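Enquirer: Per my numbering, residue 1 is the first one in the sequence shown, and the count goes up by one each step. Ideal Cβ placement from N, Cα and C applies to all residues, glycine included. Everything numeric in this text was worked out from a predicted model, so none of it was measured. So that we are looking at the same thing, I have put the structure below in structure tokens.
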Amino acid sequence: MRVIFNEGLKAVADDLDHMARDVRDAIRLAGEALLHQDLDAAQTVIDNDASIDDLSTRIMDQCVELLARQNPVATDLRVIVSTMRLATTFERMGDLARHIAESARRTYPNSPVPQNLVPTFAKMQQFLDITGGRLVDMLADRDTAIAEQIIRDDDQLDDLHLKIMQYADSAEWEGTNEQLINVVLIARFMERLGDHAVSATRRVVFIVSGFDPTKTPSRDEGTDID
Numbered sequence: 001m002r003v004i005f006n007e008g009l010k011a012v013a014d015d016l017d018h019m020a021r022d023v024r025d026a027i028r029l030a031g032e033a034l035l036h037q038d039l040d041a042a043q044t045v046i047d048n049d050a051s052i053d054d055l056s057t058r059i060m061d062q063c064v065e066l067l068a069r070q071n072p073v074a075t076d077l078r079v080i081v082s083t084m085r086l087a088t089t090f091e092r093m094g095d096l097a098r099h100i101a102e103s104a105r106r107t108y109p110n111s112p113v114p115q116n117l118v119p120t121f122a123k124m125q126q127f128l129d130i131t132g133g134r135l136v137d138m139l140a141d142r143d144t145a146i147a148e149q150i151i152r153d154d155d156q157l158d159d160l161h162l163k164i165m166q167y168a169d170s171a172e173w174e175g176t177n178e179q180l181i182n183v184v185l186i187a188r189f190m191e192r193l194g195d196h197a198v199s200a201t202r203r204v205v206f207i208v209s210g211f212d213p214t215k216t217p218s219r220d221e222g223t224d225i226d
């Protein structure tokens with residue numbers, strides 16, 4: 001029975017690693033669509049989101065089956081429950097990348113954001129590209145050092161988000177109403193991607209150390225926006 005259980009855990013872990021890579025790629029391609037009006041990249045993100053959703057569903061089903069058939073305790077239970085939370089987090093990250101891609105597709109061939117804000121959005125995207133790669137490495141190696149780095153560096157993304165929001169709400173704003181809506185939404189989507197990355201790192205810390213990250217304040221608490 002233990003052999004079967006370990007094989008089940010391995011299958012779930014492989015699917016979760018696959019999901020993390022797909023989310024990383026979705027974030028990168030959404031950035032290409034946003035910053036370079038790449039319609040093919042936007043459509044790829046939109047089309048591939050169904051695959052991310054399917055992986056999430058499969059992982060959840062596998063975890064429920066392991067819980068029902070194996071009745072795990074201690075470390076095994078911690079791994080399964082955290083894996084379910086990670087799958088949900090990655091699925092939401094895929095949705096956020098899709099939202100950004102849809103915004104870029106909707107305004108094609110024009111950019112959804114004013115030209116003067118493109119450099120700031122590019123900085124946010126660069127940060128998210130790095131974070132996406134770190135998520136994949138962290139998950140594959142269960143590396144808490146990478147997890148700590150993701151949490152620590154998230155303030156940079158928050159600062160860029162705040163900068164955009166302050167400009168959008170200032171008398172200096174010169175864009176259209178449509179651009180204002182796009183700027184506010186896309187910046188929020190990108191900021192939330194960072195929050196979900198932080199949430200994922202906290203789950204990995206829990207898997208590795210047994211420390212329950214939900215017992216301390218989280219960056220992603222207090223909001224219902226995905």
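Which one of Glu172, Asn177, Asp25 and Phe121 has the shortest CA to CA distance from Gln156?
Expert: Translated into positions along the sequence shown, residue 156 becomes position 156. Nearest C-alpha to Gln156: Phe121.
Enquirer: Taking 8 angstroms as the threshold, find out whether the region 88-95 comes into contact with the region 193-201 through three or more Cβ pairs.
Expert: Because the criterion of three Cβ pairs below 8 angstroms is met, the region 88-95 and the region 193-201 touch.
Enquirer: Where are the alpha helix (DSSP H) runs, 4 residues long or more, that stay fully inside the region 87-157, in chain order?
Expert: DSSP runs (the alpha helix (DSSP H)) wholly in the region 87-157: 118-141.
Enquirer: Taking 8 angstroms as the cut-off, does the region 99-112 touch the region 32-51 (at least 3 CB pairs, one atom from each stretch)?
Expert: Touching, yes.
Enquirer: Hey, is the region 111-121 in contact with the region 182-191, meaning 3+ C-beta pairs nearer than 8 angstroms?
Expert: As far as the Cβ criterion goes, the region 111-121 touches the region 182-191, which means the pair count is three or higher.
Enquirer: By the three-class DSSP mapping on this structure, what secondary structure does Ser170 have?
Expert: Counting from one through the sequence shown, the residue named residue 170 turns up at place 170. Reduced to three states, the DSSP call for Ser170 is coil.
Enquirer: Could you tell me if Ser170 is buried or exposed, where buried requires 16 or more neighbouring beta carbons within 10 angstroms of its beta carbon?
Expert: Within the sequence shown, residue 170 is the residue found at index 170, counting from 1. Exposed.
Enquirer: Need the endpoints of the alpha helix (DSSP H) that Gly8 sits in, please.
Expert: In the sequence shown, residue 8 corresponds to position 8, counting from 1. Where Gly8 is concerned, the enclosing alpha helix (DSSP H) stretches over Arg2 to His36.
Enquirer: Relative to the C-alpha of His161, which residue among Glu174, Met124 and Gln149 is closest?
Expert: Counting from 1 along the sequence shown, the entry for residue 161 is found at position 161. Cα-wise, what sits closest to His161 is Met124.
Enquirer: Across the region 53-72 and the region 126-135, are there enough close Cβ pairs to call them in contact, namely three or more that are closer than 8 angstroms?
Expert: No, because fewer than three Cβ pairs between the region 53-72 and the region 126-135 fall closer than 8 angstroms, the two stretches do not touch.
Enquirer: Roughly how many angstroms lie between the CA atoms of Tyr167 and Trp173, to the nearest whole one?
Expert: Reading the sequence shown from its first residue, position 167 is the one you call residue 167. Reading the sequence shown from its first residue, position 173 is the one you call residue 173. Whole-angstrom Cα-Cα distance: 6 angstroms.
Enquirer: Is the separation between the beta-carbon of Leu33 and that of Ala26 shorter than 7 angstroms?
Expert: Along the sequence shown, one-based indexing puts residue 33 at 33. Along the sequence shown, one-based indexing puts residue 26 at 26. Before going on, a small fix: residue 33 reads as Ala here, not Leu. It is not a contact, given that the beta carbons lie outside the stated cut-off.
Enquirer: So, under 8 angstroms CB-CB, Gly132 and Arg203 are touching, yes? Tell me the CB distance rounded to an integer number of Å.
Expert: Taking the first residue of the sequence shown as 1, we reach residue 132 at position 132. Taking the first residue of the sequence shown as 1, we reach residue 203 at position 203. Going by Cβ atoms, the distance from Gly132 to Arg203 rounds to 16 angstroms, so no, they are not a contact pair.
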